[in-house]
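Novice: Here it is: the structure, laid out below.
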Amino acid sequence: MNKAEQILKHADNLRKQKDFDGAIALYKNIRREDSPEAYAKAQFNLGIALKQQGDIEDAITAYKSIRHEDLPKQYAKAQFNLGIALKQKGNIEDAITAYKSIRREDSPEAYAKAQFNLGIALKQKGNIEDAITAYKSIRREDSPEAYAKAQFNLGIALKQNGNIEDAVAAWGNSKEFYYWQAEALIRIEKQYPNLKKILNLVISIIENLRLPLNNNEMKVAHYSRATTALRLLDKQSLSLFRLRTIKTVNDPMEGLTLNRYLSLCCPQFSSAHAIKTNHQESVFISCFTFNHDSLNQFRLYGKENGQEASGVSLVFDSRFFNTSVDSNFTFISDNQNIIESNKIKQPAEPEEKPSNISLLPIYRCIYIDPESGYLSLAQRDEITFYREAYADAGKENTASAQKIWKNYQTQMTIKQEEVKQSLDEIIEHIRKISEVENVEDTLNFLLLPLKYLVKHAAFHEEQECRIMYITDLSDAKIQSDWENKLMYVNYSGNVSEALDKIYLSPGAFAYEDFFRRILDTSPHGSKKPRVHRSTNPFRHKS
-8 MNKAEQILKH ADNLRKQKDF DGAIALYKNI RREDSPEAYA KAQFNLGIAL
42 KQQGDIEDAI TAYKSIRHED LPKQYAKAQF NLGIALKQKG NIEDAITAYK
92 SIRREDSPEA YAKAQFNLGI ALKQKGNIED AITAYKSIRR EDSPEAYAKA
142 QFNLGIALKQ NGNIEDAVAA WGNSKEFYYW QAEALIRIEK QYPNLKKILN
192 LVISIIENLR LPLNNNEMKV AHYSRATTAL RLLDKQSLSL FRLRTIKTVN
242 DPMEGLTLNR YLSLCCPQFS SAHAIKTNHQ ESVFISCFTF NHDSLNQFRL
292 YGKENGQEAS GVSLVFDSRF FNTSVDSNFT FISDNQNIIE SNKIKQPAEP
342 EEKPSNISLL PIYRCIYIDP ESGYLSLAQR DEITFYREAY ADAGKENTAS
392 AQKIWKNYQT QMTIKQEEVK QSLDEIIEHI RKISEVENVE DTLNFLLLPL
442 KYLVKHAAFH EEQECRIMYI TDLSDAKIQS DWENKLMYVN YSGNVSEALD
492 KIYLSPGAFA YEDFFRRILD TSPHGSKKPR VHRSTNPFRH KS
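Have a look at this one:
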């Protein structure tokens, strides 16, 4: 290892430790004449570090400094990130030039992702034919994800050109990553165009339910057994966060509340067929809540050996979720770029083990009482604003909590009214459907993601949010635990990196030192302790 490579390694370690200033200084010390390869890698990582600090101009300069002859693969990656940065500044023409400069032989994955973003940029300029060409140029072996996304957008572009048959074929090729979205469009275009308005309303509701993960709703909690949490946080463990099949939840009305509500509102909709139909698709979820330290939820969830209040509450920030425009459910618009990456790599050989699912967006649940028509959305309680204000600056700051709470309440009231209006419109469209049209199965499929975001009002105090993965049962990402009768998918979110804090219920106090040893400091430089005892009073029975 020469001196340039040693400096590069040191700089990379500093960047991983979030010491961006130190890393940037070292990257700038590496010269091309010392080592063209080390220089190319340093300039690429310099661009990443500068971008993370908000310095887009200097990041662009760093990416542009890399030549093809320095290191072809690094050049391709730099041109991809350069295209992203230029487009963010509104310089679409130069972004297009950057994307076009990438060759497949230098980096198949960078080429595929660049062609995808190129297709979006060209379509935004009204050049649909060239956008179609860009999407078609991507091969599955280049990047399965970019291929699926390109095929999905290709289908939308082909449909706009009136080529429905090829559009349907393209959507079929995208099911590996967009199962529900693609299947919904295929069914509508092939058989039930009269259901398109219902699909658009379902999408509108789902987009409205997506958490903005802003200052007011940037953290949510997941209740778990202490032993499970320890495995997830232990760097020596191979345990990953899981989404489990919806069939393992303990709510007997899971997935049925919306059906009940719709069947009471319109006789044409029967709740019975949803139960008897044997769908090939499967839904996987993981549950979160706005209640970070809730006695009731500690008593219900995360119980060790069935003992109440023996679990932990893992509080995650936005890094645990997909916060980009692109999402698992947002698909009608095709303006979703594949985002900048510092982890582009050559396509791997097929893995024996199923791969993990990517980060997912998180959605708040709707609470409905079918008989009375009551509807509300999961949201923070007033007390959480006071606790947050007190934790930040003591009692003198709690006066501001009331103002913030009232503004938040106003926003949630508007959102709730919008969701209710969209549901009412769905009901009106269902009422217009003739019984002879035989659309029950497809209608149920279109409502599928919404069904598992609607819960009975009896659970309202849980203020639940969910991430959801809808797929075909043949999906290779699904893993089976025959012994425990479980099916699940592994999630790629980094638990330790995204963990803001952890609350220990009274029954988990014995694990406090174990968690402190693992979570002594934040990976992001914060000196605030991450391990907290629950403030809720609870006495275990002897």
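The numbering used here applies: residue -8 is where the sequence shown begins, and numbers increase by one. The beta carbon of each residue, even a glycine, is placed where N, CA and C say it ideally should be. Because the structure is a prediction, the values reported are computed rather than measured.
1. According to DSSP, what are the bridge partners of residue 307?
2. Out of 249, 246, 148 and 220, state which residue places its alpha-carbon closest to the alpha-carbon of residue 294.
3. Helix, strand or coil for residue 481 per DSSP?
4. Rounded to the nearest angstrom, how far is the Cβ of residue 142 from that of residue 165, given a contact under 8 Å?
5. Can you tell me the Cα-Cα spacing of residue 7 and residue 252, whole angstroms?
6. CB-CB under 6 Å to residue 373, same chain, minus the five flanking residues each way: which ones, in chain order?
7. Spatial neighbours of residue 524 within its chain, please: C-beta separation below 6 Å, excluding the five flanking residues on both sides.
8. Should residue 448 and residue 354 be called a contact, given that it needs their Cβ atoms to be closer than 7 Å?
9. Buried or exposed, going by whether 16 or more other CB atoms sit within 10 Å of the CB of residue 5?
10. Determine the burial state of residue 483: buried for a count of at least 16 other Cβ atoms within 10 Å of its Cβ, exposed for fewer.
11. Could you name each continuous beta strand (DSSP E) segment of 3 residues or more that falls completely within the segment 157 to 198, going from the start of the chain to the end?
12. Select from 29, 68 and 283 the residue whose C-alpha is nearest the C-alpha of residue 452.
13. CB-CB under 7 Å to residue 218, same chain, minus the five flanking residues each way: which ones, in chain order?
14. Sort 99, 117 and 144 by Cα distance to residue 134 and report the nearest one.
15. How far does the alpha helix (DSSP H) with residue 123 in it extend, from its first residue to its last?
16. Throw me the rounded Cβ distance for the residue 459 and residue 274 pair, which I believe falls under 8 Å.
17. On the DSSP bridge assignment, give the partners of residue 275 in chain order.
18. Measure the C-alpha to C-alpha separation of residue 497 and residue 491 and round it to an integer number of angstroms.
19. Grouping DSSP H, G and I as helix and E and B as strand, with all else coil, what is residue 280?
20. Leaving out five residues on either side along the sequence, give the residues of the same chain with a beta carbon under 8 Å from the beta carbon of residue 463.
21. Are there 16 or more other CB atoms within 10 angstroms of the CB of residue 174, so buried, or fewer, so exposed?
22. Here's a check: name, in chain order, each residue in its chain whose Cβ is nearer than 8 Å to the Cβ of residue 279, leaving out the five neighbours to either side.
23. Would you tell me roughly how many angstroms separate the C-alpha atoms of residue 73 and residue 443, rounded to the nearest one?
24. Do you know offhand how far residue 159's Cα is from residue 440's?
25. Run through DSSP, which three-state label would residue 353 get?
26. Can you tell me the Cα-Cα spacing of residue 474 and residue 506, whole angstroms?
Specialist: Based on what the coordinates show:
1. 211 and 490
2. 220
3. strand
4. 4 Å
5. 50 Å
6. 396
7. 495
8. no
9. buried
10. exposed
11. none
12. 283
13. 295
14. 99
15. Counting along the chain, the alpha helix (DSSP H) containing residue 123 begins and ends at 119 to 127.
16. Indeed, because the Cβ distance is near 6 Å, the residues count as touching under 8 Å.
17. 236 and 460
18. If I take the Cα positions, the gap works out to 20 Å.
19. strand
20. Hits under 8 Å: 166, 170, 271, 272 and 273.
21. buried
22. Cβ within range, chain order: 211, 212, 213, 307, 353, 455, 456, 457 and 458.
23. 40 Å
24. 21 Å
25. coil
26. 29 Å
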